Amino acid sequence: MLRFVLRRVASGVVLVAVLSTVTFFLLYFSSGNIARRILGQQATEATVQQKQHELGLDRPLPAQFGDWLSHALRGDLGDSWFTGQKVVEAITSRLSVTLTLVIGATLITAVVGVVLGIIAATRGGAVDRGVQVLSVLGFAIPGFLVALGLVSLFAINTHVFKPTGYVAFGDSPTEWLSSITLPVVALAIASIAGVAAQIRGSVIDALRQDYVRTLRSRGLSETRVVYKHVLRNAAGPALSVLAVQFVGLLGGAVIVEQIFAIPGLGQVILGATSQGDVPLVMGLVIATAVIVVVLNLAVDLLQGWLNPKVRVGS
Amino acid sequence: MTTTLSSDSVPTVATLERAAHASLFRRLLRNPTGIGSLGFLVVVVLAGAFAPLLAPHDPNKASANDILAKPGGTYLLGADGSGHDILSRLLFAIRPTIEGAALAVAVAAAIGITAGLVSGYYGKWFAGAASWVASLLMALPGIVVLLAARAVIGPSLFGTMFVFGILLSPAFYRVVHAAVAAVRQELYVDAARVAGLSDARIISRHILTVVRAPAIILAAGVAGIAIAIQAGLDFLGLGDVSRPSWGGMLTDAFTNIYTAPLQLWWPSLAIGLTCMALALLANSLRDELERSEKPKRRRRRRPAAPAAPAPAGSAAVQHEPVVPGDQPAAEPGDELLQTRALAVGYDQPDGSVTMVVHDVSLTVRRGEVHGLIGESGSGKTQTAFAIMRLLPAGGRIVAGNINVEGDDLATLSEKAMTRLRGAKIAYIPQEPMSNLDPAFTIGSQLTEPMRIVLGLSKAQAKQRALELLERVGIPDPQRTYDAYPHQVSGGMAQRVLIAGAVSCKPDLLIADEPTTALDVTVQAEVLDLLRDLQAEFGMGLLLVTHNFGVVADLCDRVSVMSAGRIVETGPVRSLFADPRHPYTKSLFAAILEDAEPRGPLVTTEAGR
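As given, the protein sequences belong to chains Z and G, one line each in that order.
Note that my numbering has the first sequence beginning at 219, numbered continuously upward.
Note that my numbering has the second sequence beginning at 14, numbered continuously upward.
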């Protein structure tokens with residue numbers, strides 16, 4: 219068990235390392251006359267040179283990388299070129315908002331996706347076809363269109379929810395809920411489609427297994443057979459899909475945050491990439507990679523819990 | 014062709030596959046969703062190609078007088094926040110959108126298919142490396158990578174779509190790799206290699222044809238995602254703002270959402286409908302592809318289904334279905350289970366019903382061991398499932414009744430039936446390993462029914478489960494109780510299933526070939542156990558088997574089944590001594606002539 223965790227952690231570290239190396243060289247290689255962009259057109263050539271030197275951009279690339287790496291290993295990802303703020307700080311201060319959205323959307327996805335998938339698999343017929351069509355459409359229609367639709371329907375036309383902006387939970391729990399409901403729903407719809415389709419498939423597979431007949435023959439009710447035994451056996455593949463959806467939601471949050479004017483990581487990413495704030499972009503890529511690695515580790519552990527064969531085998 | 018070298022399966026697989034692909038497009042045209050979405054996409058592409066002719070205005074000409082002009086008049090769909098004609102901008106935005114999506118698909122397909130072919134065909138280290146890179150590319154959210162890439166390449170549509178193509182290539186890689194790795198094992202590819210065809214020819218001739226259909230489906234899906242992400246980036250203002258784009262129009266409309274809410278519709282419809290059409294196209298392609306594969310599968314499965322409406326030769330001579338024989342003084346009311354004219358059928362997609370059991374009348378008395386014997390496909394298992402009302406999907410009781418203590422199980426409500434199962438009728442399956450839920454411990458699977466059916470407490474149920482495990486001859490009950498199904502042997506698992514079946518003190522036990530899947534040495538032990546338990550609990554036992562040895566060893570009475578009918582019933586001794594029905598006789602003849610497989614039991618018993 220410990221060996222399994224260590225191996226997964228090691229492969230995660232390798233992934234983050236490879237990713238940051240590739241990103242570093244791509245970004246710094248092309249960061250060209252960034253000093254000029256920071257200082258503006260009026261700056262003299264001398265001050266630009268001075269700035270280049272300050273940022274360490276006048277040294278060879280490998281030396282810059284070595285420098286960056288030695289700091290990164292100590293948890294220091296440098297300062298933003300434009301605001302001077304610590305990169306780690308800039309990210310962590312916004313991270314919780316984005317994670318709130320993404321985790322909220324994941325929870326809704328899991329519950330609604332599972333229920334829809336099971337209903338489609340067990341009812342069959344028209345219900346099944348309806349869920350299938352919905353999942354194709356939900357998957358096909360871009361999340362930001364859904365978000366725009368929700369804004370105009372619930373916020374602008376009917377004023378049920380706050381149209382834009384974010385209220386911290388500590389300030390007012392009810393307004394917090396009102397401010398995140400629409401973004402979370404907008405994010406969740408596409409991933410619900412994916413999870414429902416997956417659950418439907420694996421529930422249909424599981425229902426065909428011999429042990430389901432045997433469980434029924436023991437006098438277990440249909441509800442118990444489906445929601446305890448079949449669901450548990452169908453949960454593995456669904457969990458993998460949910461993990462993929464979570465990563466997709468991290469990306470979707472960028473656009474959704476923009477639509478709802480929510481101060482999360484999305485805004486930081488947009489600002490950093492359009493300015494060419496290389497240290498901040500680096501930090502964001504690494505932060506995303508770490509989230510993904512941690513997520514996959516959590517999913518692997520959960521898979522082990524769901525599937526005893528994996529657990530004992532490792 | 015190179016098919017001369019190997020078995021007859023060679024031409025079939027290859028030709029079927031080719032035929033399926035050749036007609037896939039034609040069948041798509043007959044699928045309403047398929048033709049609808051394809052038609053819509055063709056219209057969009059044409060509108061984009063002829064935008065300069067179709068557009069009523071210059072898309073970039075801003076007229077300060079017409080800012081947010083209402084639809085109608087010169088501006089069919091109105092004018093946007095800068096006074097551009099919306100319709101013209103919609104039309105002019107099509108071309109870059111489609112070109113960008115095409116670039117993304119081309120890049121993704123080129124990289125993914127090449128890598129998939131190489132790694133699927135040659136495997137080895139390349140496959141390992143490629144799948145690692147694929148999972149690396151898929152690890153991060155695409156939009157984050159695209160945004161980071163934009164810091165490098167700037168706001169170029171084609172640059173972005175090129176990078177996006179690389180990001181999506183794993184989708185192609187995975188599909189192609191799987192398809193190729195599967196087909197690589199096929200005989201006809203081996204045959205081609207033996208015939209000396211070059212790898213390049215084998216790949217282009219045999220392997221690309223297999224990959225083509227999934228790749229087309231994927232391409233439609235990928236194009237939809239590319240259009241969506243492109244619109245998303247344009248919406249965020251990260252695209253090339255100098256040209257009209259659907260995403261950019263969305264931004265403009267969104268800023269004016271309070272003054273001109275209608276404007277949000279046009280670009281939303283353009284994006285939404287295009288993405289939807291691509292997804293539905295991919296979906297109907299997949300449907301058609303699966304439909305073309307289905308007949309193949311069905312042909313393979315059908316013979317296995319115990320259909321066979323025509324009885325095999327001898328049964329055409331319709332005997333009295335039940336031969337009374339010398340019945341041991343049967344008091345009325347002694348019957349535990351009595352089926353009358355039971356018929357089981359499977360609903361077919363075309364509305365007909367395939368009958369698998371006809372007119373089966375069967376009686377099991379209290380405390381009796383009743384054998385139900387017949388060759389595979391004779392309908393004996395279907396009869397057993399019908400009695401428990403646990404027929405596979407599509408199967409149902411077409412006629413007849415099943416009486417158990419005054420209840421007709423054929424018409425009983427599902428709720429009442431659930432209460433009956435486990436408590437009155439229990440079941441021992443044929444294949445032990447697949448009949449235990451792999452996700453739960455054996456202990457939890459044993460105690461769950463007892464707590465529900467018998468209402469035992471957790472501790473009582475565990476106590477009884479351990480006793481039962483010991484009773485069925487499991488050496489270390491506690492260890493087995495804590496184990497998962499995959500941790501015990503087949504013989505153990507069958508003992509666990511037997512313990513589970515008797516755990517709620519049923520009156521009738523239905524055992525479906527309980528020893529077929531076990532080792533010969535274990536078979537005898539399990540049969541002994543069944544006999545002991547049957548006597549101990551005083552249960553009626555309906556033993557489904559194809560083995561006369563088992564019948565002779567265990568049963569009081571026996572019914573012989575053939576082609577879905579019972580052809581002969583009677584006490585074991587008299588039926589063995591004097592089989593009346595030609596089918597029974599032929600069964601005996603077949604066994605006695607060739608006494609090898611399960612010899613000893615049959616010969617000693619039948620010889621007596």
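Beta carbons: idealized from backbone N, C-alpha and C, even for Gly.
All values reported here derive from a predicted model rather than from experimental measurement.
{"Check": "Cβ-Cβ distance between residue 178/G and residue 358/Z below 8 Å", "Outcome": "no"}
{"Check": "Whole-angstrom distance between residue 521/Z and residue 319/Z, CA atom to CA atom", "Outcome": "24 Å"}
{"Check": "Any 3 or more C-beta pairs closer than 8 Å across the segment 143 to 155 of chain G and the segment 99 to 111 of chain G", "Outcome": "no"}
{"Check": "Proximity below 8 Å, CB of residue 437/G to CB of residue 460/G", "Outcome": "no"}
{"Check": "Beta-ladder partner(s) of residue 573/G, from DSSP", "Outcome": "386/G and 581/G"}
{"Check": "Buried/exposed call for residue 258/Z, threshold 16 Cβ in 10 Å", "Outcome": "exposed"}
{"Check": "CA-to-CA distance, residue 585/G to residue 547/G, given in whole angstroms", "Outcome": "17 Å"}
{"Check": "For residue 190/G, the first and last residue of its enclosing alpha helix (DSSP H)", "Outcome": "170 to 197"}
{"Check": "Beta-carbon proximity of residue 335/Z to residue 418/Z, cut-off 8 Å", "Outcome": "yes"}
{"Check": "Proximal residues, the segment 410 to 436 of chain Z versus chain G, C-beta separation under 9 Å", "Outcome": "425, 426, 427, 428, 429, 430, 431, 432, 433, 434, 435 and 436"}
{"Check": "Chain-ordered neighbours of residue 269/Z on chain G, where CB pairs are closer than 9 Å", "Outcome": "Simply none; closest approach about 18 Å."}
{"Check": "Residue 66/G classed as buried or exposed, judged by whether at least 16 other C-beta atoms fall within 10 angstroms", "Outcome": "exposed"}
{"Check": "Residue burial classification, residue 303/Z (beta-carbon count within 10 angstroms, cutoff 16)", "Outcome": "exposed"}
{"Check": "Beta carbon proximity, residue 526/Z to chain G, threshold 8 Å", "Outcome": "yes"}
{"Check": "Beta-carbon separation (whole angstroms), residue 331/Z vs residue 413/Z, contact threshold 8 Å", "Outcome": "3 Å"}
{"Check": "contact_flag[the segment 444 to 451 of chain Z, the segment 355 to 374 of chain Z] where n(CB pairs < 8 Å) is 3 or more", "Outcome": "no"}
{"Check": "DSSP-derived helix/strand/coil call for residue 421/G", "Outcome": "strand"}
{"Check": "Exposure of residue 321/Z, with buried meaning 16 or more beta-carbon neighbours within 10 Å", "Outcome": "exposed"}
{"Check": "For residue 411/G and residue 600/G, the rounded distance between their alpha carbons", "Outcome": "29 Å"}
{"Check": "Where residue 384/Z falls: helix, strand or coil (DSSP)", "Outcome": "coil"}
{"Check": "Whole runs of the alpha helix (DSSP H) within the segment 370 to 416 of chain G, excluding any shorter than 4 residues", "Outcome": "393 to 401"}
{"Check": "Assigned exposure category for residue 393/G - 16 Cβ within 10 Å defines buried", "Outcome": "buried"}
{"Check": "Within 8 Å, strictly: CB atoms of residue 450/G and residue 276/G", "Outcome": "no"}
{"Check": "is_contact[residue 359/Z, chain G] using C-beta, thresh 8 Å", "Outcome": "yes"}
{"Check": "Identified DSSP bridge partners for residue 351/G", "Outcome": "376/G and 416/G"}
{"Check": "Residue 335/Z, enclosing alpha helix (DSSP H) - first and last residue", "Outcome": "305 to 341"}
{"Check": "Cβ neighbour criterion (16 or more within 10 Å) applied to residue 461/Z", "Outcome": "buried"}
{"Check": "Inter-residue spacing [alpha-carbon to alpha-carbon] between residue 500/Z and residue 264/G", "Outcome": "28 Å"}
{"Check": "Continuous beta strand (DSSP E) stretch holding residue 553/G: start and end", "Outcome": "553 to 558"}
{"Check": "Cβ neighbour criterion (16 or more within 10 Å) applied to residue 240/G", "Outcome": "buried"}
{"Check": "Proximity test, Cβ basis, 8 Å: residue 238/Z and chain G", "Outcome": "no"}
{"Check": "Sub-8 Å separation of residue 247/G and residue 261/G beta-carbons", "Outcome": "yes"}
{"Check": "Inter-residue spacing [alpha-carbon to alpha-carbon] between residue 265/Z and residue 271/Z", "Outcome": "10 Å"}
{"Check": "Stretch pair the segment 382 to 399 of chain G + the segment 564 to 576 of chain G: three plus CB contacts closer than 8 Å", "Outcome": "yes"}
{"Check": "Chain Z within 8 Å of residue 284/G, Cβ atoms only", "Outcome": "yes"}
{"Check": "Contact list for residue 407/Z against chain G, beta-carbon separation under 9 Å", "Outcome": "Per Cβ cutoff of 9 Å: no residues; residue 407/Z is ~13 Å from chain G at best."}
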